[in-house]
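In what follows, a structure is listed as structure tokens, so that the remarks can point back to it.
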Amino acid sequence: MTAASLAAERAARDSYGRLLAWLAARGRDIAAAEDALADAFAAALATWPRDGVPDKPEAWLLTAARRRLLDGHRRRATATAAEPTLRHTALLAEEADAEAIPDHRLALLLACAAPEVERAAQAPLMLQVVLGLDAARIASAFLLSPTAMGQRLVRAKRRIAASGARFALPGREVVAARLPAVLDAIYAAYAAGAQDPADGGALAGEALWLARIAAALAPEEAEAAGLAALLLHLEARRPAARDAAGRYVPLSAQDMGAWDTAMQAEAEAWLRRAFALGAPGRFQWEAAVQSVHAARRVTGRTEWREILLLYDALMAATGSPVVAVNRAVALAEVEGAAAGLAALREAAADGRLAGYQPFWAAMAALAGGEEAAAARQRAAGLATDPAVRDFLLRLTPS
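Going by full-length UniProt numbering, the residue at position 380 of the sequence shown is 380; the numbering climbs one at a time, nothing skipped.
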């Protein structure tokens with residue numbers, strides 16, 4: 001890869017979302033801002049190999065994108081003389097320093113979580129507009145065709161445009177109201193990437209990047225810091241979930257030396273920051289569970305009683321059947337398999353668990369005889385990851 005290509009790739013990773021958010025805030029049109037920025041990157045790839053990489057690549061890209069967007073606004077202003085178009089044209093015409101422009105990425109994330117945007121489109125939209133991922137890559141992670149995902153994203157952008165979104169950071173009340181949807185979408189994107197072996201962890205890494213952005217740009221929101229801590233802990237261990245032959249390795253059997261200690265330290269820093277804000281919530285408790293697991297590297301043991309207390313808090317706060325399954329597993333570690341199995345059977349009253357693969361894996365681990373074998377086969381059948389399926393089938397008695 002040439003120096004120009006590397007510089008463009010670095011600028012895309014580091015600055016795409018910030019530049020797009022600024023352009024959208026000035027021009028009030030996500031799709032037009034995306035087109036302008038795409039043209040700027042195309043121009044860079046054509047120009048930089050010939051003229052050299054500029055000293056400030058982001059500033060070069062911003063200037064090129066502004067000119068493209070400004071031309072479009074001027075044409076519309078000439079054709080319609082509409083006051084909003086004229087106002088947005090004036091805003092775009094103002095000089096801007098790429099290193100000093102306000103960071104509107106959080107506002108852009110919040111716009112993607114607007115009530116007008118269907119819930120299923122929120123996470124994909126954030127990945128596209130803030131990170132610049134293409135529809136085909138997003139579609140594969142969310143098990144949709146590129147055409148269907150593209151149509152979903154186009155509809156979402158049209159609804160945002162029709163809503164008159166300002167793309168400026170709203171008041172604290174609006175941030176507090178919309179941020180949970182942003183965090184849920186980022187978590188869903190991480191889960192989709194982590195469970196897709198064909199993706200190689202790329203989408204999970206992009207979702208983690210979004211979580212860091214949200215936490216950094218919303219420093220007063222404890223749950224944003226909690227989500228960053230949670231995803232960092234999960235990502236720190238993800239490579240250890242496969243052995244050298246690609247076989248699945250459960251957490252209890254993982255090589256702790258393969259865990260990423262730098263990520264774990266960063267996770268702990270975010271978790272301390274979250275707790276200091278005094279507003280406990282789901283992502284903080286889940287991150288705390290992962291923190292206890294991470295401590296095994298130092299202590300040599302897993303403090304299951306602490307984990308059980310955390311799941312008790314999560315259960316009281318959310319009533320989630322998924323939390324109930326995790327709590328049953330922790331209860332089995334503390335009080336024995338019989339207690340865990342009883343809790344698991346109680347949770348099974350929620351019909352949503354019938355198709356939840358970890359429920360059947362837990363049932364296979366805690367039950368006995370034919371019931372365990374049948375549960376293991378059910379868990380293997382529901383597994384989307386071939387390595388997990390093979391692991392479960394290897395444990396099935398012949």
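Backbone N, C-alpha and C fix where the C-beta goes; we use that ideal spot for every residue, glycine too. Note that the coordinates shown come from a computational prediction; the quantities given were computed from them, not determined experimentally.
Give me, in chain order, the residues of the same chain whose beta-carbon lies closer than 6 Å to that of residue i; leave out the 5 immediate sequence neighbours on both sides.
i    : result
A204 : Y190, G193, A194
Q264 : A236, A294
V289 : I307, L310
A98  : With a pLDDT of 47 at A98, under the threshold of 50, the predicted position of this residue should be treated as unreliable, though the coordinate-derived value follows. Hits under 6 Å: E58, A59, L62.
A21  : H104, R105, L108
E333 : W304
R172 : none
R296 : T302
With distances taken between CB atoms, is the gap from residue i to residue j smaller than 8 Å?
i    : j    : result
E116 : R159 : yes
G340 : V329 : yes
A111 : A65  : no
V325 : L366 : no
A364 : A375 : yes
V130 : L23  : no
Q284 : G226 : yes
A222 : A274 : yes
I186 : M126 : yes
G201 : R238 : yes
A8   : W48  : yes
I213 : R50  : no
V182 : L133 : no
A4   : L45  : yes
A120 : L153 : no
Q357 : A373 : no
P321 : A347 : yes
Give every residue of the same chain whose Cβ lies closer than 8 Å to the Cβ of residue i, excluding the five residues on either side of it in the sequence, and list them in chain order.
i    : result
S291 : A229, H233, A267, E268, L271
A114 : R159, I160, S163, A165, R178
A176 : E221
E83  : Note that E83 has pLDDT 46, beneath the 50 cutoff, so the model's placement of it is unreliable and the number below is only indicative. Closer than 8 Å at Cβ, skipping near neighbours: no residue.
V298 : none
Closer than 7 Å to a non-hydrogen atom of the ligand GTP - does that hold for the CB of residue i?
i    : result
G150 : The model depicted lacks the ligand GTP and carries no ligand whatsoever.
Counting only the same chain and skipping the five closest in sequence on each side, list residues whose C-beta sits under 7 Å from that of residue i.
i    : result
A362 : V325, A328, V329, L344
L217 : D103, R105, L106
L395 : R376
Kindly identify the DSSP beta-bridge partner or partners of residue i.
i    : result
Y16  : None; Y16 has no bridge partner.
Y311 : According to DSSP, Y311 bridges with nothing at all.
Y190 : The partner list for Y190 (beta bridge, DSSP) is empty, contrary to what the question assumes.
R242 : Y248
The region 243-258 in contact with the region 380-392 per 3-pair CB rule at 8 Å: yes
Alpha helix (DSSP H) runs wholly inside the region 319-387, at least 4 long, in chain order: 321-335, 337-347, 357-366, 369-382
Touch test, the region 40-48 against the region 140-149, Cβ-Cβ under 8 Å, three pairs minimum: no
Completely contained alpha helix (DSSP H) runs for the region 12-62, where each covers 4 or more residues: 30-51
3 or more residues per run - each beta strand (DSSP E) lying fully within the region 125-166: none
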